[in-house]
Amino acid sequence: MSVLSRAFVPALALGLGTWLGLGRPDARAAIEAGTRAMSSAAGAARDLAPRGPLTPPLDRRPSGVDPSAVPDPASPFPRLNPDATAQRAWLVAEGPARPFNNPRRLVTFTFDDGPFPETAPTVLHILDLHRVRAAFFFVGEYLEGDGPRAVESRLWARRIADAGHFVGNHTMDHKDLTALTHGAALAEIDDSAAAIERATGRRPLLFRPPYGALDPFLESALRDRHQELVLWSIDVEDMKGTDSDDMAARLESQLAYKGGGMVLLHDIHWPSVKALNRLLRRMAVNRWDPAHPDRAGWAIVDLPEYLRETGATPQPFETRADLEQARKSEAIRERSR
Ligand SMILES: [Zn+2]
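Each step along the sequence shown adds one to the number in our numbering, with nothing skipped, and position 76 is 76.
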């Protein structure tokens, strides 16, 4: 961390408690924890570590080993989509099949396009406050090079992983892979995986294509690489949004309509960070409680748990469009009761 950012980041954190609308005594705790967390890399990893078991090593293989040759018993991810097809990944992202108005609303959080040193401390802090373990899909090019920006990005990539969050590959340059030659598209996947492994010490198992764009060639490439293809089900186009209140409300309304889901946000965009904070604060007062299982509430889980529950009660549909059609019919039936 540079001298300038050492001075700047804690000062930024001091303002954030107020800016994020953290109420007292949370604000004081947030500021103290935020400042403390930024005091050193070791301190950050310790303070921001989620409670409960840390991430099992996703894929701690030496570089250059062909992943297909190595079984991965440590992987916490049930492989619901071994063929890595986009159609299946869209459906899996919708979560488990549950009756309409099921009280346990399963939610998991995913973040794309980072790491972004300006927002990362705050995002980590918010997630830690709410005991949320998320998945981050990094862009490889941010992690490469010797400039101060790349050094900081690698530092935060490592802190995010060390804090127990899952780290995935979002390609090297965030291009639409379907518009590239096959060779260039494969390089986008493989170069980024290598950059993420160098920065975090973890070879990414999770993959999310920019714009969700895939074709059969890319699906087969991901299948060959044994990648877990992760898409999403809740999207409010947060990168276009500037009103975080509105963004949080739209996220909550999509989640309520679908009875939960896999949330896509961009942790590089301040309004999204603020919306995340608002949404988690609202969810905190309405968490699903196993002592009162019939009372509707949010069950925020990590990606492996989301996939496990989805695997236990898979959607009885072939495609997300079929599921959406069934949801619409059910919503109409509910309204007419
Ligand atoms: Zn993206």
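Virtual Cβ for every residue (Gly too), placed ideally from N, Cα, C. Treat the numbers as computed from the prediction; the structure is a model and nothing was measured.
Could you pull the start and end residues of the beta strand (DSSP E) that residue i belongs to?
i, result
"R104", "104-114"
"G297", "297-300"
What does DSSP give as the partner residues of residue i in its beta bridges?
i, result
"L264", "T110"
"N169", "F138, F207"
"L229", "F207"
"I234", "V263"
"R287", "W298"
How would you call residue i, buried or exposed, if buried means at least 16 neighbouring beta carbons within 10 angstroms?
i, result
"H125", "buried"
"H292", "exposed"
"I31", "A caution first: I31 carries a pLDDT of 33, below 50, which makes its placement in the model unreliable, though a value can still be read off. Result: buried."
"R335", "exposed"
"D245", "exposed"
"R295", "exposed"
"A248", "buried"
"N101", "exposed"
"M239", "exposed"
"G168", "buried"
"Q227", "buried"
"P148", "exposed"
"A69", "Here the model assigns A69 a pLDDT of 36, short of 50, so the residue's position is not dependable, and the following value carries that caveat. Answer is exposed; the Cβ neighbour count stays below 16."
"S329", "exposed"
"E94", "buried"
"T122", "buried"
"F217", "exposed"
"R105", "buried"
"T119", "buried"
"A331", "exposed"
"E237", "exposed"
"A193", "buried"
"H266", "buried"
"T181", "exposed"
"D289", "exposed"
"R337", "exposed"
"P316", "exposed"
Does at least one heavy atom of ligand 3 sit under 8 Å from the Cβ of residue i?
i, result
"H266", "No copy of ligand 3 occurs in the structure displayed; its ligands are ligand 1 alone."
Measure the Cβ-Cβ separation of residue i and residue j and say whether it is below 9 Å.
i, j, result
"F109", "I300", "yes"
"A280", "V132", "It should be noted that the sequence gives Leu, not Ala, for residue 280. Yes, these two residues count as a Cβ contact at 9 Å."
"A86", "E219", "yes"
"E141", "A195", "yes"
"L80", "T310", "yes"
"L276", "V107", "no"
"N231", "T178", "It is Leu, not Asn, that sits at residue 231 in the sequence shown. Not in contact: L231 and T178 (Cβ atoms no closer than 9 Å)."
"R88", "G260", "no"
"D112", "L323", "no"
"A127", "H165", "The residue asked about is misnamed: residue 127 is Leu in this sequence, not Ala. Yes, they are a contact pair."
"P210", "A157", "no"
"L207", "L186", "Inspection of the sequence shows that residue 207 is occupied by Phe rather than by Leu. Not a contact, by the Cβ cut-off of 9 Å."
"P204", "F138", "yes"
"W270", "N286", "no"
"G201", "A163", "no"
"A135", "L303", "yes"
Can you name the start and end residues of the alpha helix (DSSP H) that residue i belongs to?
i, result
"I196", "182-200"
"L214", "Per DSSP, L214 belongs to no alpha helix (DSSP H) and is neither H nor E."
"K258", "244-258"
"D176", "Here D176 belongs to no alpha helix (DSSP H), and DSSP marks it neither H nor E."
"E330", "320-336"
"Q87", "86-93"
"H125", "120-129"
**Request:** Report all residues for which the CB-ligand distance to some heavy atom of ligand 1 is below 5 Å; order them along the chain.
**Result:** Per the Cβ criterion, the list is D112, D113, P210.
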